[in-house]
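K.L.:
In the UniProt record's numbering, the protein residues as written are 1 to 226.
(1) Would you mind giving the Cβ-Cβ distance between residue 191 and residue 113, rounded to the nearest angstrom? I have them listed as a contact below 8 Å.
(2) When the Cα of residue 166 is compared with those of 128, 220, 213, which residue comes out closest?
(3) Locate the beta strand (DSSP E) running through residue 161, then write down its first and last residues.
(4) Of the choices 62, 138, 65, 183, whose alpha-carbon is the least far from that of residue 130?
(5) Quick check: residue 163 and residue 204, are their CB atoms within less than 8 Å of each other?
(6) How many whole angstroms separate the CB atoms of residue 73 and residue 177, which I take to be in contact at a CB cut-off of 8 Å?
(7) Cα separation between residue 124 and residue 60?
(8) Counting only the same chain and skipping the five closest in sequence on each side, list residues whose C-beta sits under 8 Å from that of residue 95.
(9) How would you call residue 144, buried or exposed, if buried means at least 16 neighbouring beta carbons within 10 angstroms?
(10) Helix, strand or coil: how does DSSP classify residue 152 here?
(11) May I have a chain-ordered list of the alpha helix (DSSP H) segments no shorter than 4 residues that lie completely inside the UniProt domain "MobA-like NTP transferase" (41-200)?
(12) Answer yes if the stretch 42-61 comes into contact with the stretch 80-87, meaning at least three C-beta pairs across the two stretches below 8 Å, and no otherwise.
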């Protein structure tokens with residue numbers, strides 16, 4: 001992300017000078033009343049953990065279950081948040097923390113995306129964008145997720161995604177105008193299919209540590225990340 005001037009303001013009403021300020025390319029505006037806007041979050045927790053040998057989301061990492069890390073890194077930022085999973089144990093864990101859950105037995109990532117957006121649509125006001133966050137990146141920082149939300153609020157037409165140098169990663173935040181395309185993804189396709197159709201709309205946020213983007217597929221991945 002290019003360098004910006006930061007302006008913080010309490011915006012309780014429409015003010016012409018703030019509206020003009022928001023349109024300047026060198027200004028990054030933070031509304032102190034509602035810094036993260038009205039964004040939604042879908043936590044993707046439907047993987048089958050075939051390479052791990054058991055449900056990796058229930059594996060311990062640094063004194064917590066793997067699933068607990070993503071619940072903490074996405075906490076307190078979003079207007080609405082939902083976990084999409086096929087695992088009863090994950091459902092029980094999330095409900096014990098007051099996080100809404102949709103449990104399903106559908107096969108594809110495209111199903112998870114559609115179910116997540118449908119769940120977020122069940123409420124008012126509507127969300128202006130949605131972060132799709134994998135549940136298996138335990139070193140993803142809360143500060144990174146918050147920075148993505150701030151970026152999305154300031155650039156509401158853009159797809160925001162994390163990156164390390166030349167490597168693109170997850171999570172990815174899509175604006176509301178792409179929801180229809182996400183809900184009608186071909187079977188088995190994910191968000192990268194949409195990104196490939198709109199490459200000029202992608203804004204990348206560089207993470208401070210490449211390990212934030214590392215996911216857990218095998219038991220040895222947990223040992224490496226520790």
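Backbone N, C-alpha and C define an ideal beta-carbon position, used for all residues, glycine too.
P.N.:
In short:
(1) Your numbering for residue 191 matches position 191 in the chain shown. Your numbering for residue 113 matches position 113 in the chain shown. Indeed they touch by this definition, with Cβ atoms about 7 Å apart.
(2) By one-based count along the chain shown, residue 166 stands at place 166. Nearest C-alpha to residue 166 among 128, 220, 213: 213.
(3) Residue numbering aside, residue 161 sits at position 161 when the chain shown is read from its first letter. Here the beta strand (DSSP E) through residue 161 covers 159-164.
(4) Here residue 130 corresponds to residue number 130 of the chain shown, with the count starting at 1. Comparing Cα-Cα distances from residue 130 to each of 62, 138, 65, 183, the minimum goes to 183.
(5) If you number the chain shown from 1, residue 163 lands on position 163. If you number the chain shown from 1, residue 204 lands on position 204. Result yes, Cβ atoms of residue 163 and residue 204 sit closer than 8 Å.
(6) Translated into positions along the chain shown, residue 73 becomes position 73. Translated into positions along the chain shown, residue 177 becomes position 177. 26 Å between Cβ atoms; not a contact.
(7) In the chain shown, the residue the question calls residue 124 occupies position 124. In the chain shown, the residue the question calls residue 60 occupies position 60. If I take the Cα positions, the gap works out to 36 Å.
(8) In the chain shown, counting from the first residue as 1, residue 95 sits at position 95. So the qualifying residues of the chain are 101.
(9) Looking up residue 144 in the chain shown gives position 144. It is buried - the Cβ of residue 144 has at least 16 other Cβ atoms within 10 Å.
(10) Residue mapping note: residue 152 aligns to position 152 of the chain shown, counting from 1. Shown here, residue 152 sits in a helix according to DSSP, grouped into three states.
(11) Within the UniProt domain "MobA-like NTP transferase" (41-200), the runs of alpha helix (DSSP H) that reach at least 4 residues and sit entirely inside it are, in chain order, 66-73, 88-96, 109-120, 142-154, 179-183, 191-197.
(12) As far as the Cβ criterion goes, the stretch 80-87 touches the stretch 42-61, which means the pair count is three or higher.
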